[in-house]
Amino acid sequence: MAKDDLPEEENPFEPRRNDALLGHEEAEKVILDAWNSKRMHHAWLLCGPKGIGKATLAYRMARFILSGGGQNGGAGLFGDQSDGLYVDPEDPVARRIAGGGHGDLKVVERQYDDKKKRLQGEITVANVRTVGNFMSKTSAEGGWRIVIVDAADELNRNAANAILKVLEEPPSNAMMILIAHHPGRLLPTIRSRCRRLNLGPLEDYQVVDLLGRYCPEMDLGARDALSGLAEGSIGRALQLHDVGGLELYTELVDIIAALPSADVAAQHKFAERFSPADKDAAFATITELLHWWLARMIRFAATGQAPREVVEGELPAMQRMAAAQPLDQWLEVWEKINELMGATRGLHLDRKQALLNAFFMLEETMRT
46 MAKDDLPEEE NPFEPRRNDA LLGHEEAEKV ILDAWNSKRM HHAWLLCGPK GIGKATLAYR
106 MARFILSGGG QNGGAGLFGD QSDGLYVDPE DPVARRIAGG GHGDLKVVER QYDDKKKRLQ
166 GEITVANVRT VGNFMSKTSA EGGWRIVIVD AADELNRNAA NAILKVLEEP PSNAMMILIA
226 HHPGRLLPTI RSRCRRLNLG PLEDYQVVDL LGRYCPEMDL GARDALSGLA EGSIGRALQL
286 HDVGGLELYT ELVDIIAALP SADVAAQHKF AERFSPADKD AAFATITELL HWWLARMIRF
346 AATGQAPREV VEGELPAMQR MAAAQPLDQW LEVWEKINEL MGATRGLHLD RKQALLNAFF
406 MLEETMRT
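All residue numbers for the sequence shown refer to my numbering, where the first residue is 46 and numbers rise by one.
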């Protein structure tokens, strides 16, 4: 099971417990400057790719504000201003937020479906119905009341309209922090009522650093390779690690590198592991990795710029494949394979056969 499909109390990387944030110092400075100047906006929109630390920053903001301004309390005896958003994890406020028990913080997110053993596909109006009442109440501790929406682009239409109504009439000393992986999917009226912060992907060395903190048993070589697969997303790196993504990718590259002289036995052995019903997460991962590898090969064919080699042998394989057929031919194959994998997942088709068919498409294209 992927970490995203775990109920949050079982997820060791849950952002509400996480005090490690790298790569977003500029965004932190913007928030801190607004706090110190007493011009905190009532709604913040944190935008960027999934898994780069947006939710971690949102909880960091909440800990800071609900503790009265972090380590300095906002203004010390001599009018000291806060110099960072960090709050000690042992601080009582931080501990209550980590435990999900702070009375002035409400989190709106997809709910875990116990019957289906996975998160629901969207945030419904039932999940946000109490937000307006929560924000309009007096703070339980005499400060702010904060709502985190994770993620706003997962709100369905009715839920989005309910959030918009609160944003249109913001109560005093109340703040909403919205997280968006795809801000273009939000209602324009929601975007226009928020102060937007755009967060970018992490640098590879930052992903390596965070992997070392979260997975200290992982050797440096594996962390470095995962950082290449993750493309700046520590969340993606952790998910790949959880399902053995690096090992899957290495085997996938070995199979592709052998084309067009296909090792049929190796292909069957590889594809067979995704047949069992409990391998949904693994099949989703290999589908994503195959899509990613082909996209990188096509970009290489189009630009001539070699990508970073994540595992040994993939760059020569890309060079051979790119030279075998014109770019438009590979784009057509890429689209067909994506359609095949999408139909396989959506219609619960034979996953082993889908992978074998994908390998056959690549082999035939290289031969013709």
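A virtual CB, placed ideally from N, CA and C, is assigned to each residue, including glycine.
Between which residues of its own chain and residue i is the CB-CB distance below 6 Å, once the five residues before and five after are set aside?
i	result
residue 83	none
residue 332	386
residue 407	304
residue 68	247 and 251
residue 372	346 and 347
residue 338	none
residue 64	134
residue 301	362
residue 85	79
Could you tell me how far apart the beta carbons of residue i and residue j are, in whole angstroms, since I believe they sit closer than 8 Å?
i	j	result
residue 66	residue 90	Not a contact, Cβ separation roughly 18 Å.
residue 278	residue 94	6 Å
residue 219	residue 180	4 Å
residue 150	residue 100	Between residue 100 and residue 150 the Cβ distance is about 13 Å, and since that is not below 8 Å, they are no contact.
residue 394	residue 312	The Cβ separation is near 18 Å, so there is no contact.
residue 362	residue 288	Not confirmed; about 23 Å, so no contact.
residue 198	residue 230	4 Å
residue 295	residue 378	The Cβ separation is near 22 Å, so there is no contact.
residue 242	residue 132	Not really, about 19 Å apart at Cβ, beyond 8 Å.
residue 165	residue 159	That belief does not hold up - the Cβ atoms of residue 165 and residue 159 are roughly 11 Å apart, past 8 Å.
Excluding sequence positions up to five away, which residues of its chain have a Cβ less than 8 Å from the Cβ of residue i?
i	result
residue 121	With a pLDDT of only 40 at residue 121, under 50, the local geometry of the prediction cannot be trusted, and no value is derived from it.
residue 188	110, 111, 113, 149 and 218
residue 178	none
residue 73	66, 102, 105, 129 and 130
residue 403	335, 382, 385 and 386
residue 290	271, 274, 284, 330 and 334
residue 340	379
Keeping to the same chain, check which residues put their C-beta closer than 7 Å to that of residue i; ignore five residues upstream and five downstream.
i	result
residue 269	253
residue 360	351 and 354
residue 260	286
residue 173	153, 204, 207 and 208
residue 124	Caution is warranted here: a pLDDT of 48 is assigned to residue 124, below 50, making its placement in the model unreliable, and no coordinate value can be reported.
residue 212	88, 221, 235 and 238
residue 399	385, 386 and 389
residue 62	143
residue 417	Residue 417 is absent from the model: the chain starts at 46 and stops at 413.
Between which two residues does the beta strand (DSSP E) carrying residue i extend?
i	result
residue 154	150 to 154
Helix, strand or coil: which one does DSSP assign to residue i?
i	result
residue 63	coil
residue 131	coil
residue 411	helix
residue 362	helix
residue 196	coil
residue 122	Here residue 122 scores only 38 on pLDDT, less than 50, and its place in the model should not be relied on; the value that follows carries that caveat. Reduced to three states, the DSSP call for residue 122 is coil.
residue 159	coil
residue 174	coil
residue 191	strand
residue 97	coil
residue 372	helix
residue 183	coil
residue 85	coil
residue 201	coil
residue 113	coil
residue 391	helix
residue 404	helix
residue 49	For residue 49, the predicted structure reports a pLDDT of 48, less than 50, and the residue's modelled location is therefore unreliable. A value from the coordinates is still provided. Correct three-state label for residue 49: helix.
What residue does the alpha helix (DSSP H) around residue i start on, and which one ends it?
i	result
residue 89	From DSSP, residue 89 is part of no alpha helix (DSSP H) but of the beta strand (DSSP E) over 88 to 92.
residue 81	70 to 81
residue 167	No alpha helix (DSSP H) holds residue 167; DSSP gives it neither H nor E.
residue 501	Because residue 501 is not part of the residues shown, which for the chain are 46 to 413, the question remains open.
residue 354	Taken as a continuous stretch (DSSP letters only), residue 354 belongs to no alpha helix (DSSP H), as it is neither H nor E.
residue 141	137 to 143
Any alpha helix (DSSP H) of 4 or more consecutive residues that is wholly inside the stretch 213 to 272: 233 to 237 and 249 to 259
Continuous alpha helix (DSSP H) assignments of at least 4 residues falling wholly in the stretch 270 to 322: 279 to 287, 290 to 303 and 309 to 317
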